[in-house]
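Trainee: Chains as they are written, first to last, in the working numbering: chain B, 22 to 236; chain E, 22 to 236. One structure, as structure tokens, below. Some questions next.
Number of protein chains: 2
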Amino acid sequence: MSGDAQISRLKPGRRTDIRRENERAILEAAEKVFAEAGFGGATMQLIADMAGLPKANLHYYFATKEDLYRRVVQQIFEIWLDAASSFDDAPGPVEGIGAYIDAKMDISRTHPHGSKVWASEVMHGAPVIQDYLETTLRDWTDGRIAVIQRWIDEGKMAPINPRHLLYMLWATTQHYADFGHQIQTLNDGRPLSDKEWRDAKASVKDMVLRGIGAI
Amino acid sequence: MSGDAQISRLKPGRRTDIRRENERAILEAAEKVFAEAGFGGATMQLIADMAGLPKANLHYYFATKEDLYRRVVQQIFEIWLDAASSFDDAPGPVEGIGAYIDAKMDISRTHPHGSKVWASEVMHGAPVIQDYLETTLRDWTDGRIAVIQRWIDEGKMAPINPRHLLYMLWATTQHYADFGHQIQTLNDGRPLSDKEWRDAKASVKDMVLRGIGAI
DNA sequence: CTTCACCTTGACCATACGGTCAGGAAATGA
DNA sequence: TCATTTCCTGACCGTATGGTCAAGGTGAAG
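Set out below in structure tokens:
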């Protein structure tokens, strides 16, 4: 068993490749369609077309529309959590929160669809990922609140409410993805350039770090 | 004609009352359903049930689902703009931006559904209110940027980028409506109490006003 | 070559949805 | 009272959607 597994990992075999590649293409298309149309507005047909597969093939890899949606949301949540590591091992708020803002702003730029799907899911009452909110997210939040409180106790920042600081960080960074269309419209219809993204990141970091008395 | 109009305004007449009351009930139900299910997930039947009317009656007052949706979004946008007046006639950022944060946080608490519908609309590319973004919102934004820039020039706040300050204000205040479910989950499943809302408002104002060097 | 597990897909189905309509009820004004 | 406008609604329709299925294709192993 384990020998076979190793061999198939080294020499993947076309079968495995097909499955992996098709699932990847479907998930990528699904993320985009769910983000642009919402769960209710998205259709399996549209996802199939975008993935370049017949609709029946989608149901071969993902039993139901809800299963596919669940996978998309979970995928995003994991990216989300990975970025959270920026927070850890930082000596103080300037480094920790600064790196976290950088990471989340980068995700907003590279994964705008995922951010929208997440936002939509939460706005509709988190019917699919409620358990994640109650376990993983709550634990993560509590841990980060403790870190921030420690920084406050050590006099490295002003005594603000750590919970509302986290909300502000989430809101502000994800805004650039979720409301990207509005931002683009107010930017004369053009997407933010590299320079404008750097300005955005710098502005957010400046306002937040100054706002918590870290600089 | 004008005489009749005046009379019917003073003594409304049952006809007018019926229309106004039914339209109000439909719009209220629609706002909630659109917020909870998105445009695609909402059904006219569900809105009708929630408004206590047969579905066919909805189509008597609103020709299509899209017409009804459009009215809901417009309604929200107007509430939005009214709050913006907090910004004007303020001697400086502490009063102006402070009042704006107060007003927007209050709206997030009293009109969470509307905020979600707006967010959903923008996230999906603003198919219905794109023209509002390009005209009314852009003009409003430009005006407010000018005001902020004046405050900066007068030395009343730090030289931050006014545009990104506005984005932060929108993001942070609306987060309490759009992500209210997540906030409630992280609050042990309970909605924010009066005191917790006061804390939230105070925290946001404190961080923002300190962040822009106004206090 | 044969076998077998895995993949592919056109055709099909039941359902639910937005929207229509005809005919009746109710209110208003003359 | 009668005529007219407005309002109400059950029944209906065409369409689009999520999902199914049976039949066939394809590559790897023996």
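From the three backbone atoms N, C-alpha and C, an ideal C-beta is built for every residue, glycine too. What you are looking at is a predicted structure, and each value in this text was computed from that prediction instead of being measured.
Take the Cβ of leucine 154 of chain B as the centre, count every other Cβ of all protein chains shown within 10 Å, and call the residue buried at 16 or more, exposed below.
Mentor: That one is buried.
Trainee: By alpha-carbon positions, which one of E:Ile118, E:Lys53 and E:Met144 ends up nearest to isoleucine 233 of chain E?
Mentor: Nearest option by C-alpha distance: E:Ile118.
Trainee: Mapping the DSSP letters down to three states, classify leucine 230 of chain B as helix, strand or coil.
Mentor: Helix.
Trainee: Taking its Cβ as the centre, do 16 or more other Cβ atoms sit within 10 Å of aspartate 38 of chain B, making it buried, or is it exposed?
Mentor: So aspartate 38 of chain B ends up on the exposed side.
Trainee: Does DSSP put glutamine 27 of chain B in a helix, in a strand, or in coil?
Mentor: Confidence in glutamine 27 of chain B is poor, its pLDDT being 27 and thus under 50, which makes the residue's placement unreliable; the coordinate value appears in the next sentence. Glutamine 27 of chain B: helix per DSSP, three-state reduction.
Trainee: What separation, rounded to the nearest whole angstrom, lies between the Cα atoms of threonine 131 of chain B and lysine 76 of chain E?
Mentor: So the two alpha carbons sit approximately 43 Å from each other.
Trainee: What's the call for serine 214 of chain E, buried or exposed, on a 16-neighbour Cβ count within 10 Å?
Mentor: The residue is exposed, with fewer than 16 neighbouring Cβ atoms inside 10 Å.
Trainee: State the start and end residues of the unbroken alpha helix (DSSP H) segment that holds glutamate 87 of chain B.
Mentor: 86-104 is the extent of the alpha helix (DSSP H) around glutamate 87 of chain B.
Trainee: Within 8 Å of any Cβ in chain B, is that where the Cβ of glutamine 170 of chain E sits?
Mentor: Output row for glutamine 170 of chain E: interface = no.
Trainee: Considering only C-alpha positions, which residue in the set B:Val229, B:Ile150 and B:Gly135 is nearest to glutamine 195 of chain B?
Mentor: Selected option, being the one with the closest Cα: B:Gly135.
Trainee: When burial is assigned at 16 or more other CB atoms within 10 Å of the CB, is methionine 189 of chain B buried or exposed?
Mentor: Classification for methionine 189 of chain B: buried.
Trainee: Flag this pair as yes or no: are the beta carbons of methionine 65 of chain E and alanine 50 of chain E separated by less than 8 Å?
Mentor: For methionine 65 of chain E and alanine 50 of chain E, no; Cβs fall outside 8 Å.
Trainee: One question on the structure: do phenylalanine 108 of chain B and arginine 165 of chain B come within less than 8 Å of each other, judged by their Cβ atoms?
Mentor: Taking 8 Å as the Cβ cut-off, phenylalanine 108 of chain B and arginine 165 of chain B qualify as a contacting pair.
Trainee: Where alanine 223 of chain B and glycine 176 of chain B are concerned, what is the direct C-alpha to C-alpha distance, given to the nearest angstrom?
Mentor: Their backbone Cα atoms lie some 24 Å apart in a straight line.
Trainee: Quick one: what does DSSP say isoleucine 150 of chain E is sitting in, helix, strand or coil?
Mentor: Here isoleucine 150 of chain E sits in coil by DSSP.
Trainee: Counting beta carbon pairs with one atom in the region 139-152 of chain E and one in the region 201-211 of chain E, are three or more of them shorter than 8 Å?
Mentor: No, the region 201-211 of chain E is not in contact with the region 139-152 of chain E.
Trainee: Give me the Cβ distance between threonine 193 of chain B and alanine 235 of chain E, rounded to the nearest whole Å; I'm assuming they're in contact under 8 Å.
Mentor: Not a contact, Cβ separation roughly 18 Å.
Trainee: Along the region 34-63 of chain B, what residues have a CB closer than 9 Å to any CB found in chain E?
Mentor: Cβ contacts with chain E: Ala56, Glu57, Ala58, Gly59, Phe60, Gly61, Gly62 and Ala63.
Trainee: Among B:Phe60, B:Phe83 and B:Ala58, which residue has its Cα nearest to the Cα of alanine 46 of chain B?
Mentor: Taking only the C-alpha atoms, the option nearest alanine 46 of chain B is B:Phe83.
Trainee: Between B:Gly113, B:Trp161, B:Tyr197 and B:Gly210, which lies nearest to leucine 102 of chain B when the distance is taken from Cα to Cα?
Mentor: Residue B:Trp161 is the option with its Cα nearest to leucine 102 of chain B.
Trainee: Of all Cβ atoms in chain B, is any one closer than 8 Å to the Cβ of serine 29 of chain E?
Mentor: Residue placement at serine 29 of chain E is poorly supported in this model, since its pLDDT is 32, which falls under 50; the coordinates are not used for a value here.
Trainee: Taking 8 Å as the CB-CB limit, is glycine 232 of chain E close to chain B?
Mentor: So yes, glycine 232 of chain E belongs to the interface.
Trainee: To the nearest angstrom, report how far apart leucine 158 of chain E and histidine 80 of chain B are at their CA atoms.
Mentor: Taking the straight line from one Cα to the other gives about 43 Å.
Trainee: Do you know offhand how far proline 112 of chain E's Cα is from alanine 58 of chain B's?
Mentor: Cα to Cα, the separation comes out at about 43 Å.
Trainee: What is the C-beta distance between isoleucine 169 of chain B and methionine 228 of chain E, in whole angstroms, given that I count them as a contact (C-beta under 8 Å)?
Mentor: Not a contact, Cβ separation roughly 12 Å.
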